[in-house]
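The structure appears right after this line, and notes come after that.
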Amino acid sequence: MAHYRRVGDVPPKRHTQHRRDGGGEGEPRLYYEELMGEEGFSSDSSLLYHREIPSAIVDSQAWDVPDASTTPNHPLKPRHLKLHELFPKETWAETDVVTGRRVILGNNDVRLSYVVSAADSPLYRNATGDEIVYVESGTATVETVFGRLSAREGDYVVIPASTTHRWLPTGDQPLRAYVIEASGHVAPPKRYLSRYGQFLEHSPYCERDLHGPDEPLQMEGTDVEVLVKHRGSRGVTGTRMTYARHPFDVVGWDGCLYPFTFSIHDFEPITGRVHQPPPAHQVFEGRNFVVCNFVPRKVDYHPLSIPVPYYHSNVDSDEVMFYCGGDYEARKGSGIGQGSVSLHPGGFAHGPQPGAYERSVGVDFFDELAVMVDTFHPLELGEGGLACEDGDYAWTWAGRRS
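FYI, the numbering for the sequence shown is 1 to 402, going by the UniProt record's numbering.
Have a look at this one:
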């Protein structure tokens, strides 16, 4: 994210004295500068100015992170996961977005989770990688060390690694969130950017569509607990860190690294005379995976076009589709609906359900909304995925359902 922002009170020159007004007797106290950056001082970063020392902790205890274990997709077959079955209504009030999420699919590069939440989350920091949280429905305030974000239906909330934050659902309905958790960093596709990082004219979105915090967030408190997910010698582990002062004490920051929201409804689809391949719908990329949007759009306008996707084999990737709005033409008859996830693994040729190919001829508009994740290493099934699988899906192309 190479789009510069400046929020709150920062000095005119970086790494120089920045003093608060007043201070009583003697010299006014200095603010404490924190550099938050990626790739060891060699990539995007921001400078935050704290009232108190940001590394002052008074306790550190082990935290058992939510179950992230996975089971291989073997024997190989396509899967249909019904996410709306995972969280009964009676669980919403006590479930939060951080500790309540359930892993549905994952590998060493990315984990996909789902959660339905009406409870405030604890303060949380994911030090293993960036998170992209897609809001299927509901609203929330996301409080971060950079400031507040407002999230609503259709928003991606992109949270850089090691950003201390918490989720506060708002409104009358629970927050339904689809979590894409990377083991590294995520960014817009390189082909959308100039060599200096500006979005180019052919990009389906631009800087105006990205919404970061507008003002600092300052809170008081002592002995404040933060849940930290981090790397360990045996994989991902967790720690409860207790800070002497509240970490939300930043008076200002500037730079190119910060959390932001981006609405799927601001994505401008790229269309053509014949069917466009998935890279035309790409919105983000991470290490060994990509994220794409399928949004309402005019479709192929060649007089002999077939608008639904052609059958295709994922030679180098697993394909995951989260169906979150509209009417997905190619999947009619499969059992897939709102809140469904399909997994089409490498080594399996997939495409439209029987009859969809023919029905699409002459159609000029698709009213559909879906988030796709393609991975370049095999995905395994998490505990949540196993709990909500439709066992008949693999046989639906052959017209067989129990």
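Cβ coordinates follow ideal geometry from the N, Cα and C atoms, glycine included. For clarity, every value in this text was computed on a predicted model and none was experimentally measured.
Limits of the unbroken beta strand (DSSP E) element including Leu369: Start and end: Glu368 to Thr375.
CB-CB length for Ile159 against Pro259, believed under 8 Å: Contact flag correct, Cβ pair sits at about 5 Å.
Helix, strand or coil for Asp249, going by three-state DSSP, please let me know. In the structure shown, Asp249 sits in a strand (DSSP, three-state: E or B).
Buried or exposed, going by whether 16 or more other CB atoms sit within 10 Å of the CB of Leu343? When all chains shown are included, Leu343 counts as buried.
Along the alpha helix (DSSP H) that carries Leu386, what are the first and last residues, could you check? Looking at the DSSP string, the run of the alpha helix (DSSP H) that includes Leu386 is Glu383 to Ala387.
Going by the beta-carbon positions, is the gap between Val250 and Val179 smaller than 9 Å? In this structure, the beta-carbon distance from Val250 to Val179 does not fall below 9 Å.
From this set, Pro352, Glu33 and Glu143, which residue's C-alpha is nearest Gln17's C-alpha? The option with the nearest alpha carbon to Gln17 is Glu33.
From the DSSP output, in three-state form, read off His84 for me. Three-state result, His84: helix.
Beta-ladder partner(s) of Gly238, from DSSP: Residue pairing of Gly238 in beta bridges, as defined by DSSP: Lys229.
Contact check, Ala161 vs Gly129, beta carbons under 9 Å: In this structure, Gly129 lies closer than 9 Å to Ala161 by Cβ.
Determine the closest residue to residue 405 out of Gly184, Val274 and Pro213, with distance taken between C-alpha atoms. No answer is possible for residue 405: the residues shown for the chain start at 1 and end at 402.
Under 9 Å between C-beta atoms of Tyr357 and Val295: Going by C-beta atoms, Tyr357 is not nearer than 9 Å to Val295.
Within the chosen definition, does the segment 277-293 reach the segment 336-350 through at least 3 CB pairs nearer than 8 Å? Too few Cβ pairs lie closer than 8 Å, so no.
Would you decide whether Arg102 is buried or exposed? Buried here means 16 or more other CB atoms lie within 10 Å of its CB. Per the 10 Å Cβ criterion, buried.
Would you mind sorting Val10 into buried or exposed? The rule is 16 or more other CB atoms within 10 Å of its CB. Per the 10 Å Cβ criterion, buried.
On the criterion of 16 or more Cβ atoms from any shown chain inside 10 Å, does Trp395 qualify as buried, or is it exposed? With fewer than 16 other CB atoms across the displayed protein chains lying within 10 angstroms of its CB, Trp395 is exposed.
According to the Cβ coordinates, are Arg5 and Leu47 closer than 9 Å? Between Arg5 and Leu47, the C-beta spacing is not below 9 Å.
With DSSP as the reference, label Arg29 as helix, strand or coil. Here DSSP, grouped into helix, strand and coil, assigns Arg29 to coil.
Just to check my reading of the structure: Glu52 and Ser45 have Cβ atoms closer than 8 Å, yes? What is that Cβ distance to the nearest angstrom? That belief does not hold up - the Cβ atoms of Glu52 and Ser45 are roughly 21 Å apart, past 8 Å.
Could you tell me which residues DSSP puts in a beta bridge with Ser194? According to the DSSP secondary-structure assignment, Ser194 is paired through a beta bridge with no residue.
Assign Trp167 to one of three DSSP states: helix, strand, or coil. Trp167 falls in the strand class under three-state DSSP.
Coarse secondary structure for Ile57, derived from DSSP in three states: Strand.
Does DSSP put Gly23 in a helix, a strand or coil? Low local confidence applies: a pLDDT of 49 at Gly23 is under 50, so the model's placement there is unreliable, and no value is given.
Which residue from Ala187, Glu268, Glu215 and Ser305 puts its Cα closest to that of Arg297? Checked all of Ala187, Glu268, Glu215 and Ser305; the closest Cα to Arg297 is Glu268.
Please list the terminal residues of the continuous alpha helix (DSSP H) segment that includes Ala151. First-last for Ala151: Gly147 to Ala151, but that is the beta strand (DSSP E), not the alpha helix (DSSP H).
Cβ atoms of Trp63 and Thr239: under 9 Å apart, would you say? Against a cut-off of 9 Å, the Cβ pair of Trp63 and Thr239 comes out as a contact.
What does a CB cutoff of less than 7 Å around Gly23 pick up in its chain, not counting 5 residues either side in sequence? Because the pLDDT of Gly23 is 49, which lies under 50, any placement of that residue in the model is unreliable, and the question is left without a value.
Going by DSSP in three states, Arg273 sits in which element: helix, strand or coil? It is coil, neither helix nor strand.
Confirm, please, whether the CB-CB distance from Pro189 to Gln276 is below 9 Å. Taking a C-beta distance under 9 Å as the contact criterion, Gln276 and Pro189 do not qualify as a contact pair.
Can you list, in chain order, the residues of its chain with a C-beta nearer than 7 Å to that of Ala140? Leave out the 5 residues immediately preceding and following it. Excluding positions up to five away in sequence, the list reads Ala151, Trp167, Leu168, Pro169, Thr170 and Leu175.
Run of the beta strand (DSSP E) containing Ala182, from where it starts to where it stops: Here the beta strand (DSSP E) through Ala182 covers Leu175 to Ala182.
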